[in-house]
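Protein chains: 2
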Amino acid sequence: MSNKDESTFGVMSPSECHQLLGAGTIGRIGVVVDGYPLIIPLNYAMDGETVVVRTEPGTVVARADQTRVSFQIDGFDPADRSGWSVLMRGRAQALTVEDRDELIERTRATGVTPWAPGDRSLWIRIEPADLSGRRIKPGDDLQWSLGYAAYM
Amino acid sequence: MSNKDESTFGVMSPSECHQLLGAGTIGRIGVVVDGYPLIIPLNYAMDGETVVVRTEPGTVVARADQTRVSFQIDGFDPADRSGWSVLMRGRAQALTVEDRDELIERTRATGVTPWAPGDRSLWIRIEPADLSGRRIKPGDDLQWSLGYAAYM
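Residue numbers (the numbering used here), protein chains in the order written: chain G, 1 to 152; chain A, 1001 to 1152.
As structure tokens, this is what we get:
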């Protein structure tokens, strides 16, 4: 059985992935809870190549601190069956008062503001391990599940 | 520290979740690979309360056969910062020739057609363990990461 994930068809460049991440406001964090890969949408901002989100203590996202997570954004055009997806693998790191001032200031400067009001007291940084992106165009012999070669 | 996930604010009813799943065509499957929760968009169809997707042998999705997965759909309106998300936890089960005819026929009858051409020889059923959905409206004191009480 051939490894279909070795295909490089439709692969986006890292700079294109970063450009799409920089242009977006809503993404989805993946966290593993009880062996299940949960997918939770939330708004975000970038600090360089790091995704910054905010949450409250006690949430699923807060409890993902120091674990392997993912962050994903995508876009589709059902009319012509085209679309793209960018997926980052990384580690969730909650900002703490022990962090150096420069990191705290840079993180807060992203200005990410949750859609919901309330005290979002936790800032979570998703430090990237790797990043990949794919496009599918009409007629491409490509499937979304292909190409995450980094994840094999 | 209170468990913020116990909030029931913004919870969608099971029937509303099923209605949204039935109306959608693109979702995201979550699979755990190497401890990372990967998020992969793909098109789908429903067989009752079961999500049906197609893939090829050797893909990440194919290799998730018999493992814990999730399936997620969402929608947003950035203009007023509102949105919704439906998340199913379940088990991936590849259809095999050993399956009973009735199940095979029902699965194929969903007619799910991958956007990409090619031989999508595997049908994957995501048999639901549970299903939950959330809405966030402007002014809601609610966060996406809240409320997945089923996943605690």
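Here a beta-carbon is modelled for each residue, glycine too, at the ideal position from N, C-alpha and C.
If you're wondering where the values come from, they're calculated on a predicted model, not measured in any experiment.
Report task. Name, going along the chain, the residues of the region 37-60 of chain G whose beta-carbon falls closer than 9 Å to a beta-carbon of chain A. Result -> PRO37, LEU38, ILE39, ILE40, PRO41, LEU42, ASN43, VAL53, ARG54, THR55, GLU56, PRO57, GLY58, THR59 and VAL60
Requested in this report: Could you tell me whether the Cβ atoms of CYS1017 of chain A and VAL1086 of chain A are closer together than 7 Å?
Outcome: Position 17 of the second sequence, counted from the first residue, corresponds to residue 1017 of chain A. Position 86 of the second sequence, counted from the first residue, corresponds to residue 1086 of chain A. In this structure, VAL1086 of chain A lies closer than 7 Å to CYS1017 of chain A by Cβ.
Requested in this report: Measure the CB-CB distance between ALA45 of chain G and THR107 of chain G and report whether it falls below 7 Å.
Outcome: Looking up residue 45 of chain G in the first sequence gives position 45. Looking up residue 107 of chain G in the first sequence gives position 107. In this structure, THR107 of chain G does not lie closer than 7 Å to ALA45 of chain G by Cβ.
Requested in this report: Kindly indicate which three-state DSSP category ASP1077 of chain A falls into: helix, strand or coil?
Outcome: Your numbering for residue 1077 of chain A matches position 77 in the second sequence. The answer is strand: DSSP assigns ASP1077 of chain A an E or B state.
Query raised in the report: Can you give, in chain order, each stretch of the beta strand (DSSP E) that sits fully within the region 1009-1074 of chain A and has at least 3 residues?
Result: 1026-1033, 1036-1043, 1045-1047 and 1050-1055
Report task. Please determine if the region 63-77 of chain G and the region 1025-1036 of chain A are in contact, where contact requires at least 3 C-beta pairs separated by less than 8 Å. Result -> yes
Report task. Name the two residues that bound the continuous beta strand (DSSP E) containing ARG1135 of chain A. Result -> By 1-based counting over the second sequence, the position of residue 1135 of chain A is 135. ARG1135 of chain A -> beta strand (DSSP E) spans 1122-1136.
Query raised in the report: Could you give the C-beta distance for VAL1061 of chain A and ILE1029 of chain A, rounded to a whole number, given that I count them as a contact under 8 Å?
Result: Looking up residue 1061 of chain A in the second sequence gives position 61. Looking up residue 1029 of chain A in the second sequence gives position 29. About 6 Å; that satisfies the 8 Å criterion.
Query raised in the report: Between GLN72 of chain G and chain A, is there a C-beta pair that is closer than 7 Å?
Result: If you number the first sequence from 1, residue 72 of chain G lands on position 72. Yes, GLN72 of chain G counts as interfacial toward chain A.
Query raised in the report: chain A beta carbons: is any one of them nearer than 7 Å to that of ILE26 of chain G?
Result: By one-based count along the first sequence, residue 26 of chain G stands at place 26. At least one chain A Cβ lies under 7 Å of ILE26 of chain G.
**Report entry** LEU103 of chain G, enclosing alpha helix (DSSP H) - first and last residue
**Finding:** Locating residue 103 of chain G in the first sequence gives position 103, counting from the first residue. Per DSSP, LEU103 of chain G belongs to the alpha helix (DSSP H) from 101-109.
Query raised in the report: So with Cβ pairs under 7 Å, would you call LEU1146 of chain A a contact of chain G?
Result: Position 146 of the second sequence, counted from the first residue, corresponds to residue 1146 of chain A. Confidence in LEU1146 of chain A is poor, its pLDDT being 41 and thus under 50, which makes the residue's placement unreliable; the coordinate value appears in the next sentence. Yes - at least one Cβ of chain G is within 7 Å of the one on LEU1146 of chain A.
Report task. Can you give me the start and stop residues for the beta strand (DSSP E) that LEU87 of chain G sits inside? Result -> Working through the first sequence from its first residue, we reach residue 87 of chain G at position 87. It spans 82-94 - the beta strand (DSSP E) in which LEU87 of chain G sits, taken as one unbroken run.
Report task. Pull up the distance between the alpha-carbon of GLY1133 of chain A and that of VAL1051 of chain A, whole angstroms please. Result -> Your numbering for residue 1133 of chain A matches position 133 in the second sequence. Your numbering for residue 1051 of chain A matches position 51 in the second sequence. Cα to Cα, GLY1133 of chain A sits roughly 16 Å from VAL1051 of chain A.
Query raised in the report: Which residues, in order along the region 1083-1103 of chain A, keep a beta-carbon less than 8 Å from a beta-carbon of chain G?
Result: GLY1083, SER1085, LEU1087 and ARG1089
Query raised in the report: Along chain G, in chain order, which residues have C-beta atoms closer than 9 Å to that of VAL1011 of chain A?
Result: Working through the second sequence from its first residue, we reach residue 1011 of chain A at position 11. Under the 9 Å cutoff, chain G gives no residues; its nearest Cβ is about 15 Å from VAL1011 of chain A.
Query raised in the report: If we ignore side chains and look at the alpha-carbon of each, how far apart do ASP1101 of chain A and LEU1095 of chain A end up?
Result: Translated into positions along the second sequence, residue 1101 of chain A becomes position 101. Translated into positions along the second sequence, residue 1095 of chain A becomes position 95. Rounded to whole angstroms, ASP1101 of chain A to LEU1095 of chain A spans 11 Å at the Cα level.
Query - Any C-beta of chain A under 7 Å from that of VAL32 of chain G - result: As a position in the first sequence, residue 32 of chain G is number 32, starting the count at 1. So yes, VAL32 of chain G belongs to the interface.
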